[in-house]
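Residue numbers (the numbering used here): 3 to 482. For reference, the structure discussed in these notes is given below.
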Amino acid sequence: MNKKIIIYVLGWILNIEAVFMLPPCVVALIYKETSGIWFLAVASVCGGIGFLCTRKKPSNMVFFAKEGFVSVALSWIVLSFFGALPFYFSKEIPVFEDAMFEVISGFTTTGASILPDVESLSKCMLFWRSFTHWIGGMGVLVFILSILPLAGGYNMYIMKAESPGPSVGKLVPRVRTTAKILYGIYLFMTALEVVLLMIGGMSLFDSLTISFGTAGTGGFGIKNNSMAFYDSYYLQGIVTVFMILFGVNFNVYYLFLTRHPKDALFSEEARAYLGIIGVSILLITINIHRGFGSVFAAFHHAAFQVASIITTTGYSTVDFDLWPEFSKGILVVLMFIGACAGSTGGGIKVSRVVVLLKAVKKELDSLIHPRSVKVLKLEGKPVEHQVMRSINTFLGAYIVIFIFSVLIVSLDNFDFTTNFTAIAATFNNIGPGLAGAGPAKNFSLFSPLSKYVMMFDMLAGRLEIFPMLLLFAPSTWKKS
3 MNKKIIIYVL GWILNIEAVF MLPPCVVALI YKETSGIWFL AVASVCGGIG FLCTRKKPSN
63 MVFFAKEGFV SVALSWIVLS FFGALPFYFS KEIPVFEDAM FEVISGFTTT GASILPDVES
123 LSKCMLFWRS FTHWIGGMGV LVFILSILPL AGGYNMYIMK AESPGPSVGK LVPRVRTTAK
183 ILYGIYLFMT ALEVVLLMIG GMSLFDSLTI SFGTAGTGGF GIKNNSMAFY DSYYLQGIVT
243 VFMILFGVNF NVYYLFLTRH PKDALFSEEA RAYLGIIGVS ILLITINIHR GFGSVFAAFH
303 HAAFQVASII TTTGYSTVDF DLWPEFSKGI LVVLMFIGAC AGSTGGGIKV SRVVVLLKAV
363 KKELDSLIHP RSVKVLKLEG KPVEHQVMRS INTFLGAYIV IFIFSVLIVS LDNFDFTTNF
423 TAIAATFNNI GPGLAGAGPA KNFSLFSPLS KYVMMFDMLA GRLEIFPMLL LFAPSTWKKS
């Protein structure tokens with residue numbers, strides 16, 4: 003274990019976090035809020051520790067899988083710990099585990115909140131809360147890769163650990179260039195949404211915070227009734243479209259940029275993703291149209307909630323916990339499917355679902371025609387045995403963690419729907435669940451033990467499980 007390179011990376015994480023805490027200070031100055039001083043204080047501490055950790059480069063700058071995965075897991079924990087301090091010291095969230103829950107929910111782009119009254123927070127705290135979505139959406143380690151040259155191609159291990167999906171393909175030969183391209187697309191799409199929301203009459207502050215939540219597919223609302231506050235088909239429609247766009251694999255946008263539209267349009271995962279969205283909207287619209295004034299209104303709210311749940315954003319325009327059981331069932335299924343690999347969304351990922359369905363079909367075909375030899379393909383390319391093995395292992399670990407999490411949370415003695423969907427919502431980085439964890443409720447009712455379980459689940463879900471599990475594996479820390 004090259005511990006010096008891990009400390010060096012953590013130092014850069016703190017330096018970056020110190021810089022990211024400056025915009026909330028500016029917001030506090032604009033709105034004349036005294037609580038902004040805590041961002042300055044924590045930023046100073048982060049910058050000081052970060053400077054000490056990065057002032058001298060390690061002599062050995064090369065790291066491998068173990069260092070990459072451990073660096074990512076520890077980075078997100080350190081990022082969350084210091085990110086929670088302004089909430090806690092300002093007493094706007096006076097209980098530390100609540101402050102940690104809120105900020106982990108922010109950085110992991112989950113959007114589950116312990117706050118019964120969001121609007122009671124100061125503007126600078128609301129800004130930071132939404133800004134954590136934007137920071138965590140693309141991944142802070144990916145941001146570091148775009149500005150910090152590390153040794154050779156080994157920094158792909160960092161990108162693998164932080165990027166969602168069963169595998170990471172290099173868009174271009176150099177990871178650093180790839181990271182810059184990804185952030186360029188991310189910035190442009192965020193800025194475009196801000197402008198379009200402002201054209202619809204939304205204030206700059208609201209446009210920024212809503213766009214941060216959409217871009218990171220996080221969904222922290224700045225109003226107690228989330229997007230329902232903005233009673234505008236235009237504004238809610240813009241957010242619907244951008245939630246769907248941010249749930250697409252960013253590789254598709256790269257292909258458009260490099261003038262390969264055919265490859266982008268024939269992306270099997272993107273087509274499956276859009277197909278699932280289309281069918282879900284149609285079925286839910288048919289199921290709920292009697293409860294709305296018109297079919298268009300039903301379609302509008304169905305589209306918003308489907309986009310919000312499958313991309314794991316978590317915004318809401320209505321209390322979908324009041325919808326018929328069939329519609330709620332579809333939304334729960336979408337919670338598990340999630341968005342595309344290589345997007346800012348959470349969940350199991352569409353690519354894994356597509357590969358698993360193809361594997362089932364291939365197995366059925368082999369039972370009928372034992373002598374036939376068929377190759378499992380995705381995007382026209384054979385799926386390697388290593389990828390299939392990683393998908394199966396991921397699902398095995400996913401099921402085990404999910405079951406144990408539900409059992410532990412059940413000690414709080416809430417109903418099964420509340421417990422099950424609370425874990426589904428946090429583990430898949432969605433935000434709202436159903437019943438006691440529904441869109442009109444919050445997570446403050448859970449015990450500290452349950453909150454810590456869900457904090458682990460949010461981090462494990464965002465980092466694709468294994469980086470978090472490696473922290474607890476004794477072999478990780480043994481000297482080889």
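For each residue, glycine too, the CB sits at the ideal point set by N, CA and C.
As for any beta strand (DSSP E) of minimum length 3 sitting wholly inside the segment 408-456, there is none.
If you look at H302, you'll find it in the alpha helix (DSSP H) that goes V297 to I312.
Secondary structure at P384: strand, using DSSP grouped into helix, strand and coil.
Taken atom to atom, the span from the alpha-carbon of F103 to that of I18 is near 21 Å.
Excluding the 5 residues flanking it on each side, I106 has same chain C-beta neighbours closer than 6 Å at S82, M457 and M460, in chain order. Separation of the CB atoms of A274 and V352 is rounded to 5 Å, and the pair is thereby assigned contact status at 8 Å. Following the DSSP letters along the chain, one finds Y33 in no alpha helix (DSSP H), marked with neither H nor E.
Boundaries cannot be given for V120, as no alpha helix (DSSP H) includes it and DSSP labels it neither H nor E. Of the other Cβ atoms in all chains shown, 16 or more fall within 10 Å of the Cβ of P434; this residue is therefore buried. Going by C-alpha positions, S73 is about 25 Å away from F89. Scanning its chain for C-beta atoms nearer than 6 Å, with the 5 sequence neighbours on each side dropped, one finds around V29 the residues K125, C126 and F129, in chain order. Considering only Q238, L336 and T192, the residue with the shortest C-alpha distance to G202 is Q238. Bridge pairing for K379: P384 [DSSP].
In this structure, the alpha-carbon of Q388 lies about 46 Å from that of F298. Non-local C-beta neighbours of I393 in its own chain, meaning closer than 8 Å and more than five positions away in sequence, comprise P168, R354, V357 and L358, ordered along the chain.
CA-to-CA, the gap between I7 and P476 works out to about 20 Å.
Taking C-beta atoms as the reference points, A437 and T419 count as a pair closer than 7 Å. Just measuring C-alpha positions, the residue of S282, S132 and D119 sitting nearest F214 is S132. Under the three-state reduction of DSSP, K480 is assigned to coil, being neither helix nor strand.
A direct Cα-Cα distance of roughly 33 Å separates S122 from S329.
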